[in-house]
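For the sequence shown, this note's numbering gives the first residue as 2, with consecutive numbering after it.
Glycine included, each C-beta is placed from N, C-alpha and C at the ideal position.
This report concerns only the one structure given below.
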Amino acid sequence: MLQGDTLSPVYMRGIAPLCFEQFIGNCTVTKILVADDHDLVRMGIMRMLADVEGFEVVGEAKSGEEAVSKARLLPLDVILMDVRMPGFGGLEATRKILAYNPKIKIIAVTSLTDDMFPERLMKAGASGYVTKGASFDEIIDAVHKVVKGQLYMASSVAQQLALRNFSGGGAQSPFEMLSERELQTAIMIANGNKVQAIADSFSVSPKTINSYRYRIFEKLDINSDVELTILAIKHKILDIETLGGE
C-alpha cells in the first residue's frame, strides 16, 4: 500500500488475524462497525481493531444515519459509536439501532468526560462508554466485555458520574432540562439542520419539530438558533469540529 492510501475495511479483513481456531472450526469472530465522522479517528480505530485476534471490522459510518443504515444491512456484534456526529448523532442512532436489533452491543465513544451523555446513552441501551483518549488496550477490553454481556464504563467517566452523584446530582448544564427528543432536536438545530430534515429523521411532522423548538427555546431562555448553537458549544453538547454537517 502506498503512503496516503485509504485503508479500506476489505483490505483490513484481508490482513486481520481473525483467530487461529478458525482453521479448526472453533472460533467466534466479533463483527464490528466503527461510526465516527472524523476520518483519521475512524480509520485509526479500524486499523487497531483489525490487528486483534477474533475481531473483524465489517463496516464504517460517518454519521448517525449511516450507522443506522449499516446496522440494518450488516451482520454486527458491536458498534463503536461516536457520540457527536452530523445529523442526529450517536444518542439517537443508539436508540434506533437497538430498537431494530437489541442484540447489538454499542460502545459510545466521546472526546469528553464531563458532559451529560454517559447517563443518557446507558439509559438508551448502550453497553459501554469510553473516551477517545482511551488506550487501544482499554478499547479492546471494552469490546471483549460487552460481547460477554457485561457493561463497560471508562474509569474517568465513572469517576465523573460518581462525583456528580456525590455532590447531589445537581444540573451541570441547562440542556439537562430537556427531554430526550428535545435534546436531539436541539443538537440537530444547532448543527444547522432544517426543520423538514429533522422531521424526516425522526419520522414526525415539521409541526412537531417546531413544537419541540419552542419548548427548547423556552427551557433554555433563548430566542434564536444562533443562541442555541453558542450555548450548545459552551456546554460541550456540540462539537465545533462537526458544526455544519459533514
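Asked, Found
"Sufficient close CB pairs (3 or more, under 8 Å) joining the segment 133-143 to the segment 40-58", "yes"
"Inter-residue spacing [alpha-carbon to alpha-carbon] between L41 and R182", "30 Å"
"M13 versus M123 - alpha carbon distance", "Note on M13: pLDDT 44, under 50, position unreliable in the model; no value is reported."
"L81 - DSSP class collapsed to helix/strand/coil", "strand"
"E228 - containing alpha helix (DSSP H), residue span", "D226 to K235"
"Buried/exposed call for M189, threshold 16 Cβ in 10 Å", "buried"
"contact_flag[the segment 126-135, the segment 211-225] where n(CB pairs < 8 Å) is 3 or more", "no"
"Close beta carbons around S64, own chain, < 7 Å, minus the five adjacent residues each side", "D38, M86, P87, G88 and E247"
"Run of the alpha helix (DSSP H) containing I141, from where it starts to where it stops", "F137 to V148"
"Sequence-distant residues of its chain with Cβ nearer than 6 Å to K97 (five each side left out)", "V69"
"Buried or exposed (CB count within 10 angstroms, at least 16 for buried), E67", "buried"
"Local conformation of M154 per DSSP, three classes", "strand"
"Cβ separation of L34 and I80, assumed to be a contact under 8 Å, to the nearest whole Å", "5 Å"
"Pair within 7 Å by beta-carbon distance, V110 and D83", "yes"
"Outcome for N192 when other beta-carbon atoms lying within 10 angstroms are tallied against a minimum of 16", "buried"
"Any alpha helix (DSSP H) of 4 or more consecutive residues that is wholly inside the segment 47-73", "none"
"Paired residues, beta bridge with L34 - DSSP", "G60 and I80"
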